[in-house]
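S.K.:
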Amino acid sequence: MVRWSVPGIQPCEPPGRRSRAYKLNCYATGLALCSHFLKRITVQRAKMLSNSRIFAVNHKKISSLNINNMCCCKIRASLKRLKPHLPLGRNYSSLPGLIGNDIKSLRSIINPPIAKIRNIGIMAHIDAGKTTTTERILYYSGYTRSLGDVDDGDTVTDFMAQERERGITIQSAAVTFDWKGYRVNLIDTPGHVDFTLEVERCLRVLDGAVAVFDASAGVEAQTRTVWRQADKHKIPRICFLNKMDKTGASFNYAVESIREKLNAKPLLLQLPIGEAKTFQGVVDVVSKEKLLWNPNSDDGKDFERKPLLEMSDPKLLKETTEARNALIEQVADLDDEFADLVLGEFSENFDLLPAEKLQTAIHRVTLAQTAVPVLCGSALKNKGVQPLLDAITMYLPSPEERNYEFLQWYKGDLCALAFKVLHDKQRGPLVFMRIYSGTMKPQLAVHNINGNCTERISRLLLPFADQHIEIPSLTAGNIALTVGLKHTVLCGMGELHIEIIHDRIKREYGLETYLGPLQVAYRETILNSVCATDTLDRTLGDKRHLVTVELEAKPTETPSVRPVVEYAGSVSADLLKASQEAIESGAHSACLQGPLLGSPVQDVAITLRSLIIHPGTSTTMISACVSRCVQKALKKADKQVLEPLMSLEVTVAKEYLSPVLADLAQRRGDIQEIQTHQDNKVVIGFVPLAEIMGYSTVLRTLTSGSATFALELSNYQAMNPQDQSTLLNRRSGFI
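Letter by letter, the sequence shown follows residues 22 to 756 in my numbering.
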């Protein structure tokens, strides 16, 4: 008996059996696969297939499921009656590379040519439409067979219960799919400020990114944050102006906000046909064609691409020609090779310039990060997503087009970065890895550089959001999941992040945990210069360890997180050569816990004035003596608590501005400026982190849920004496 298994779908019984179980199983597969398996196909070489778990690896055609002679309408009619008895779920397509009946070998599916790989991320401010855009991308690429919706709670990448309840992305999710011969590894990142860390650790392993904007809002607070993160990791990106159908949508405003607020040079590759309620489609500026979606199409697959003609579209053709000429001039200013081409062959008439030449130049400019291509559409209304997919494969880089300097040390050996750990109740810890060079296989022993140890990979998986496919190997340029590696310390950023972790522990593991009040990460420093002396004299076995240290601790003129260790001229150079590492280690360990709150000490310089070491004294004893002496000096000095000061940006409607400002004044907020953004006010200032606890709830109450805010660490500032005294008394239990 041959059983069939497709990712995300339960196997069916063979034809000829008409049990209720067969009908139930058929419902799960019938609607998704009947279009491919209506023809009766005999099973070929059953012996070869009997040992296959998922797909045949013998480069033979895989026989299809035999639906017998039941017609499609009868299948649907008989299955419709069983629908209420089945749990809700998503219909997934087969493994990437299987499009229709085009069966490829397993090797070509898993390891495509590196030039055909795109590792991209979707990033944006919360509610700009990242997850909806991702859902449409997966649908049009054939990964899913139904359109997911954030409001309905059935999206692929937002599969956690907490994500579906709140309608937001909490953890980044990876999905692998194919588009027109390209392999795309896509990561949908969170937009909420509390999950910025999720964005940060994913961006560094990507080769390109799609920045999604709400066309009615343009650049928003968190957009700036993720844009800076992409700049930090030097990631080429393209912009997608989403929600062009939304009331208040403005293509020109959104483009201008990208130019002004992100200091970027937008390349307009598309123009919208209509805005808000009149939005119908887009114009391809490069090819001078219009793309119109059929208003009667439910899923957006039905659209037509037509060239713009003087007879039918005179005004639109004129606008597009002007936009194309401006685009050519922009690219020529940024790319010398393209400028030579334009000035040489096409200086008289830009219309003669082939679209392919312009696209190649845009690709180079995008990789150089001197400009960003801009496209538009409405993911929710299923318009503009297919051209976005084309732009991803056309303009964003492949792994071999990215320059990673550290690869020169590996010379083809395995080099991979573990950038995320998640826990699966069945498989245990799953580690996301980006492979930069070499080949990764199951049972491979790898060296963990951070842990300075050797670990073994037990299994290798391709990521498909909450579903994963086991594979035999994976080559450079890909993103994979591994099983068997050791893992993390649990940590979070922001109130919502901690709340989500607490909720997951309770739901997924049935553990009742107590969530204490959030603690502010204070720092400490000293205000004056002090000296201290300490002697450590200890005999272990028959060996005497004797160290005498004299040092000075003083504030530094410039901020420094770690203590600056200096040496007086009287200290012997021979002693330093043998014990300098132990001295600095002792000084650093002493500054990890300050005398006031036990918080790290910063902005301190330690000067070693005298060091006497008995022969045979171990470096451990030297380090311990220095550490104890530094602690003595810190206790003698005048001490100061430093509190984290946050940069705050609040976007609020005009009618709610006054109560928001009054509330910030009570929180020791320092308002720097108030900007006007359409009908909203943007309040920019600073506020201590200790005063911002619970602010999201208060802000929602004050503004009826209409305001948004973004926080970012600015620096550490000294607390005033009254606030410091109150804090110390509270920590001591007197308040």
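No residue lacks a Cβ here, since even glycine has one placed at the ideal position from N, Cα and C.
(1) Can you tell me which of the three DSSP states residue 250 falls into?
(2) Given this structure, state the Cα-to-Cα distance separating residue 11 from residue 664, to the nearest angstrom.
(3) At which residues does the alpha helix (DSSP H) containing residue 712 begin and terminate?
(4) Short check: CB of residue 588 to CB of residue 629, under 8 Å?
(5) Mind checking which residues open and close the alpha helix (DSSP H) that includes residue 318?
(6) Kindly indicate the opening and closing residues of the alpha helix (DSSP H) around residue 342.
(7) Where DSSP assigns a beta bridge to residue 265, which residues make up the other side?
(8) Going by CA-CA distance only, name the one from 299, 483 and 479 that's closest to residue 453.
(9) Give a yes or no on whether the C-beta atoms belonging to residue 341 and residue 309 are separated by under 8 Å.
(10) Quick check on residue 242: does DSSP put it in helix, strand or coil?
(11) Using the Cβ count rule (16 or more neighbours within 10 Å means buried), how would you classify residue 243?
(12) If the criterion is Cβ atoms closer than 8 Å, does the pair residue 647 and residue 413 meet it?
(13) Taking the alpha carbon of residue 311 as the reference point, which residue from 506, 353, 132 and 290 has its own alpha carbon closest?
(14) Please classify residue 741: is it buried, with 16 or more other beta-carbons within 10 angstroms of its beta-carbon, or exposed?
(15) In terms of DSSP beta bridges, what is residue 557 paired with?
(16) Select from 708, 272, 231 and 749 the residue whose C-alpha is nearest the C-alpha of residue 408.
(17) Does the segment 654 to 664 come close enough to the segment 568 to 585 that 3 or more CB-CB pairs lie under 8 Å?
(18) Taking the C-alpha atoms as reference points, what is the distance between residue 118 and residue 445?
(19) Applying the 10 Å Cβ sphere with the 16-neighbour rule, what's the burial state of residue 257?
(20) Relative to the C-alpha of residue 319, which candidate in 403, 330 and 301 has its C-alpha closest?
(21) Short of 8 Å in beta carbon distance, which residues of its chain neighbour residue 351, apart from the five on each side in sequence? Order them along the chain.
(22) On the three-state DSSP scale, how would you describe residue 552?
(23) Report yes if the C-beta distance between residue 543 and residue 618 is below 8 Å; otherwise report no.
(24) Just mark residue 558 as buried or exposed, buried being the case when its beta carbon has 16 or more other beta carbons within 10 Å.
(25) Within 10 angstroms of its Cβ, does residue 447 collect 16 or more other Cβ (buried), or is it exposed?
(26) Thinking C-beta only, is residue 151 closer than 8 Å to residue 143?
(27) Find the nearest neighbour of residue 688 within the set 384, 207 and 716, judged by alpha-carbon distance.
(28) How would you label residue 489, buried or exposed, when you count the other beta carbons within 10 angstroms and need 16 or more for buried?
(29) Express the C-alpha separation of residue 721 and residue 140 in angstroms, rounding to a whole number.
(30) Using the Cα positions of residue 626 and residue 614, report the straight-line distance between them to the nearest angstrom.
(31) Which residues mark the beginning and the end of the beta strand (DSSP E) in which residue 469 is found?
(32) Suppose only complete runs of 4+ residues qualify. What are the alpha helix (DSSP H) ranges in the segment 599 to 683, listed by chain order?
(33) Per DSSP, what kind of secondary structure is residue 520 in: helix, strand or coil?
(34) Considering only C-alpha positions, which residue in the set 162, 725 and 631 is nearest to residue 590?
(35) Answer yes if the segment 412 to 428 comes into contact with the segment 384 to 400, meaning at least three C-beta pairs across the two stretches below 8 Å, and no otherwise.
(36) Taking one C-beta from the segment 462 to 472 and one from the segment 415 to 428 each time, how about it: are there three or more such pairs within less than 8 Å?
M.R.: If we stick to the structure as given:
(1) Residue 250: helix per DSSP, three-state reduction.
(2) In this structure the chain extends from 22 to 756, so residue 11 is not present and cannot be described.
(3) Looking at the DSSP string, residue 712 is not in any alpha helix (DSSP H), and its letter there is neither H nor E.
(4) yes
(5) No alpha helix (DSSP H) contains residue 318, which DSSP labels as neither H nor E.
(6) 335 to 355
(7) Bridge partners of residue 265: none, in fact.
(8) 483
(9) yes
(10) The three-state reading of DSSP puts residue 242 in helix, counting H, G and I together.
(11) buried
(12) no
(13) 290
(14) exposed
(15) 568
(16) 231
(17) yes
(18) Residue placement at residue 118 is poorly supported in this model, since its pLDDT is 39, which falls under 50; the coordinates still yield a value, given next. Rounded to the nearest angstrom, the two C-alpha atoms are 26 Å apart.
(19) buried
(20) 403
(21) 286, 288 and 392
(22) strand
(23) yes
(24) exposed
(25) exposed
(26) Taking 8 Å as the Cβ cut-off, residue 143 and residue 151 qualify as a contacting pair.
(27) Among 384, 207 and 716, the Cα nearest to that of residue 688 is on 716.
(28) buried
(29) 37 Å
(30) 16 Å
(31) 466 to 469
(32) 640 to 657
(33) Residue 520: helix per DSSP, three-state reduction.
(34) 631
(35) yes
(36) no
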